[in-house]
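Protein chains in written order, with this note's numbering: chain G, 91 to 349; chain V, 113 to 479.
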């Protein structure tokens, strides 16, 4: 179903982005246990100060890092960012023609590119958790880290961002240019994120928060072991719909000569 | 000349490419007719040229054959395989070079070729031979593709298309960006492949190239096939250009059937210069008529494939309906140089008397 030669070439083409991006994610994520420890020390020195809200526990602090806008940007670049330009970018550069002239079905090309996006999502989720463990060790708070919950956090993170990677490949296979594919994918992610954020402080929007995919991704619940497994189902269904669209539309498209 | 279409009872595997009423229209209502009812048969082992200006439908036909475009109507087979059902298998056995060939800039030439070969799933059999012919060294292949000139990239494109020795080569403007020496090397490579039993189907803007190496040629206009003949046949039936020097002004030349564009101009004291075009069948009568006017010099130029090509496009500007207007062809027509003999003079009669002053015709013949 996927082509190993093409897959390795895709990884090679994105190797610098992956290496730099994953390094940044590790550094970014190790900051949160350190920040948590600093806040806890500050609270201990000033007992009169109110507890730290989102920084009141390590699980909450890690959760803040997971859905911080900078994390969203990093996770997006390393998952959906890999797929959104996969087909449309090759088409725009004119390299898709030669790829299609080889004995590869369009579905094979699509599946290979989609898998790369999922690999990116899995790696970025792993990098975040790796950075968190490293940060917890630096801050000396490993005893507060629920190690047994980390695999499920990784799996949900990979599924969540793999879903956006699938949306990226669906838009990529639908357009001849990267710009519209990118615009739709980024708008979709932003729309979901904004609904979640605005809903958290604006009563009018709050009833609609459940419409946001971010609303169903709760790292703190995952770390506390109180997650609702229906969230995984939602992410899976959305990813399946996007994949279904991609596998329907791309093989049926007419690929006229590039301008 | 091209009036008789061949209708087939079924697709035959002895043809490398066979299309039957192959049609590709774009747009919601099919208003853009890129290709209309194309009937082609290209035999195995043939070197086939596909001519037409930009927008004529060449690339559409090629892309439909390779499965990049889905036909609106009609059917086609490549190497006996259906272009819709067996597209992947077709591409396993075909070498393809697209027009405006693009590469992955972050790779070296060698990495790119190795990658494309690996994707084809076939061994590289001819890389060294092609590299030698196109003067591509190992040192060049080690450099990143982004540093290559356009011609160098085109050479890489040629190598990737030919190196696995595919049964059929489909090349869209293969000479694009190559200098004349490399164009000649490429032509020799293609002739080699044909001699080895392979089939070559290529489109080109370089009519001289097609004329030099192709067995047969198809000309498309406005998405329709307007000619499908051997090069010889296409040329043979073209009008000849006739240039004559006569002592006396001839009468009623323009009334001769098959004679066109007669121009008569005084040529000093030596007589009259006659220039016109004539259909091959009308030439004997024309010469006979000229001889009655004391013919002193005669130059009959054979047509070239370019003229045959232009004859199919000459009326494009005045056509209506589905036939499109091709500004680039009009441009070519405007810029067309004065006729020069591209082929051996078909017939020449010696001057009866040496003219006192060297005439233009004499000058031309002395070159």
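Quick reminder that beta carbons are idealized off the backbone N, C-alpha and C, glycines included.
Requested in this report: Taking all protein chains shown into account, decide if residue 251 (chain G) is buried (16 or more other Cβ within 10 angstroms of its Cβ) or exposed.
Outcome: Along the first chain, one-based indexing puts residue 251 (chain G) at 161. Residue 251 (chain G) should be labelled buried.
Query - Coil, strand or helix - residue 137 (chain V) by DSSP - result: Taking the second chain and counting its residues from 1, one reaches residue 137 (chain V) at position 25. In the structure shown, residue 137 (chain V) sits in a strand (DSSP, three-state: E or B).
Requested in this report: Would you please state the rounded distance, in angstroms, between the beta carbons of residue 217 (chain G) and residue 248 (chain G)? I believe it to be under 8 Å.
Outcome: As a first step, residue 217 (chain G) must be located in the first chain, where it is residue number 127. As a first step, residue 248 (chain G) must be located in the first chain, where it is residue number 158. About 11 Å separates the two Cβ atoms, so there is no contact after all.
Report task. Compute the distance between the beta-carbons of residue 325 (chain V) and residue 424 (chain V), then report whether it is under 7 Å. Result -> Taking the first residue of the second chain as position 1, residue 325 (chain V) is located at position 213. Taking the first residue of the second chain as position 1, residue 424 (chain V) is located at position 312. Cβ atoms of residue 325 (chain V) and residue 424 (chain V): not closer than 7 Å.
Requested in this report: Only counting runs of 3 or more residues, tell me where the beta strand (DSSP E) segments fall wholly within the stretch 331-412 of chain V, in order along the chain.
Outcome: 336-342, 352-358, 371-379 and 383-390
**Report entry** CA nearest to the CA of residue 303 (chain G), picked from G:278, G:311 and G:220
**Finding:** Your numbering for residue 303 (chain G) matches position 213 in the first chain. Here the closest residue by C-alpha is G:278.
Query raised in the report: Does the stretch 221-235 of chain V come close enough to the stretch 302-320 of chain V that 3 or more CB-CB pairs lie under 8 Å?
Result: no
Requested in this report: Within its chain, find whatever has a CB closer than 8 Å to the CB of residue 482 (chain V); leave out the 5 residues flanking it on each side and keep chain order.
Outcome: No statement about residue 482 (chain V) is possible, as the shown extent of chain V runs from 113 to 479 and does not include it.
Query - Neighbour flag for residue 208 (chain V) against chain G, beta carbons, 7 Å - result: On the second chain, residue 208 (chain V) is found 96 positions in, with the first residue counted as 1. It does; some Cβ of chain G falls within 7 Å.
Query - Beta-carbon proximity of residue 177 (chain V) to residue 196 (chain V), cut-off 7 Å - result: As a working mapping, residue 177 (chain V) is identified with position 65 in the second chain. As a working mapping, residue 196 (chain V) is identified with position 84 in the second chain. No, the pair does not count as a contact, with Cβ atoms beyond the cut-off.
Requested in this report: Would you list, in sequence order, the uninterrupted beta strand (DSSP E) runs of no fewer than 3 residues that lie entirely inside the stretch 254-333 of chain V?
Outcome: 280-284, 311-316 and 328-333
**Report entry** For residue 261 (chain G), three-class secondary structure by DSSP
**Finding:** Residue 261 (chain G) sits at position 171 when you count from the first residue of the first chain. Three-state result, residue 261 (chain G): helix.
Requested in this report: List the residues that DSSP assigns as beta-bridge partners of residue 193 (chain V).
Outcome: Start at 1 with the first residue of the second chain, and residue 193 (chain V) comes out as number 81. BP columns for residue 193 (chain V) point to V:190.
**Report entry** Euclidean distance between Cα positions of residue 131 (chain G) and residue 310 (chain G)
**Finding:** Within the first chain, numbered from 1, the residue matching residue 131 (chain G) stands at position 41. Within the first chain, numbered from 1, the residue matching residue 310 (chain G) stands at position 220. Each residue's Cα considered, the two are about 22 Å apart.
**Report entry** Coarse secondary structure for residue 301 (chain G), derived from DSSP in three states
**Finding:** Here the question's residue 301 (chain G) lines up with position 211 in the first chain. Residue state, collapsed to three classes: helix.
Query raised in the report: List, in order along the chain, the chain G residues whose C-beta lies closer than 9 Å to that of residue 175 (chain V)?
Result: For the purposes of this step, residue 175 (chain V) is taken as residue 63 along the second chain, with counting starting at 1. The answer, in chain order, is 187, 344, 345, 346 and 347.
Requested in this report: Please report how far the alpha carbon of residue 321 (chain V) lies from the alpha carbon of residue 247 (chain V), in whole angstroms.
Outcome: Numbered from its first residue, the second chain carries residue 321 (chain V) at position 209. Numbered from its first residue, the second chain carries residue 247 (chain V) at position 135. Spanning the two alpha carbons is a distance of roughly 20 Å.
Query raised in the report: Of all Cβ atoms in chain V, is any one closer than 7 Å to the Cβ of residue 183 (chain G)?
Result: Position 93 of the first chain, counted from the first residue, corresponds to residue 183 (chain G). Taking Cβ atoms only, chain V reaches closer than 7 Å to residue 183 (chain G), which makes this a yes.
Requested in this report: Note down, in chain order, every chain G residue with its Cβ under 8 Å from the Cβ of residue 54 (chain V).
Outcome: There is no way to answer for residue 54 (chain V), as the model of chain V reaches only from 113 to 479.
**Report entry** Delimiting residues of the beta strand (DSSP E) encompassing residue 208 (chain V)
**Finding:** In the second chain, residue 208 (chain V) corresponds to position 96, counting from 1. That run of the beta strand (DSSP E) goes 206-209.
Report task. Please check the pair residue 147 (chain V) and residue 128 (chain V), which I expect to be a contact at CB under 8 Å, by giving their CB distance rounded to whole angstroms. Result -> The sequence position of residue 147 (chain V) within the second chain is 35, counting from 1. The sequence position of residue 128 (chain V) within the second chain is 16, counting from 1. Not really, about 19 Å apart at Cβ, beyond 8 Å.
Requested in this report: Compare the C-beta of residue 137 (chain V) against all C-beta atoms of chain G and say whether one is closer than 7 Å.
Outcome: The residue labelled residue 137 (chain V) in the question sits at position 25 within the second chain. It does not; no Cβ of chain G falls within 7 Å.
Query raised in the report: How would you write the range of the beta strand (DSSP E) that residue 146 (chain V) sits in, first residue to last?
Result: Numbered from 1 along the second chain, position 34 holds the residue referred to as residue 146 (chain V). First-last of the beta strand (DSSP E) with residue 146 (chain V): 144-155.
Query - Coarse secondary structure for residue 343 (chain G), derived from DSSP in three states - result: One-based indexing of the first chain puts residue 343 (chain G) at position 253. In this structure, residue 343 (chain G) counts as coil in the three-state DSSP scheme.
Requested in this report: For the stretch 206-220 of chain V and the stretch 255-266 of chain V, state whether three or more C-beta atom pairs, one from each stretch, are separated by less than 8 Å.
Outcome: yes
Query - chain G residues whose Cβ lies nearer than 7 Å to that of residue 182 (chain V) - result: As a first step, residue 182 (chain V) is located in the second chain; it is residue number 70 there, counting from the start. Those are 344, listed as they occur along chain G.
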